[in-house]
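Under full-length UniProt numbering, the first residue of the sequence shown is numbered 1, with each subsequent residue one higher. We treat Cβ as the ideally placed atom computed from N, Cα and C, and that holds for glycine. Please read all numbers here as calculations on a predicted model, not as lab measurements. One structure is given below, encoded as structure tokens.
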Amino acid sequence: MLLLVTTAILAFAAWSDLATRTIPDWCSLALLALGIAFRLIEGPTAALSSLAMAFVIGGGFLFLHARGFIGGGDVKLIAALAVGTAPSAMPDLLFAIGLAGGALGIAYLAMSRVMPRPALRPNAALPMRVAVVEANRIARRGPLPYALAIAAGTVAAGLGA
1 MLLLVTTAIL
11 AFAAWSDLAT
21 RTIPDWCSLA
31 LLALGIAFRL
41 IEGPTAALSS
51 LAMAFVIGGG
61 FLFLHARGFI
71 GGGDVKLIAA
81 LAVGTAPSAM
91 PDLLFAIGLA
101 GGALGIAYLA
111 MSRVMPRPAL
121 RPNAALPMRV
131 AVVEANRIAR
141 RGPLPYALAI
151 AAGTVAAGLG
161 A
């Protein structure tokens, strides 16, 4: 059940990041609350160890954000996920997110070379508007919607892939 709810929240965060390059704060806050509740079920020591790990992971990603490598919403999302993850499982989660991010980067790089830049038609449906805007972002090599990689990596790690 936890994986299903987490996946739903991450899917919304990924869609929002793709469409607007922003991740709503409620996504990170919901994941934070779920993570704390989940880890408290295992006991206060488990919750405190995950909070400490989330602080370290969040600090590392905040450093990357300060250098312009990752967005602030991505930092909050990863730190919130770290709260619900056992410290022993963090390397697997970060590795899966990194692999998904690498695949996303390669896909965007490949698409930037072959994807045409379509014009936005008036009255186009929302998915088409997002696709056109994304095609233009890809063509100019804009920032990646890294929440897609965070979501994919988290689901893969959660499923044991």
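Per DSSP, reduced to three states, the secondary structure at Glu134 is helical. Sequence-distant Cβ neighbours of Cys27 in its own chain, meaning closer than 7 Å and more than five residues away, are Ile9, Phe12, Ala13, Leu77.
Take the alpha-carbon of Ala103 and the one of Arg121: they are about 30 Å apart. Excluding sequence positions up to five before and after Ser16, its CB lies within less than 7 Å of the CB of Thr22, Ile23, Pro24, all in the same chain and listed in chain order. Put simply, the region 137-155 touches the region 88-103. At least three CB pairs are less than 8 Å apart.
When His65, Ile57, Gly72, Asp92 are compared, the shortest CA-CA separation from Ala79 is found for Ile57. If you draw a straight line from the Cα of Val133 to the Cα of Thr45, it comes to about 46 Å. Apart from sequence neighbours up to five positions away, the residues of its chain that approach Gly158 with a beta-carbon distance below 6 Å are Leu3, ordered along the chain. For Ala107, the closest C-alpha among the options Phe95, Tyr146, Pro87, Ala86 is that of Tyr146.
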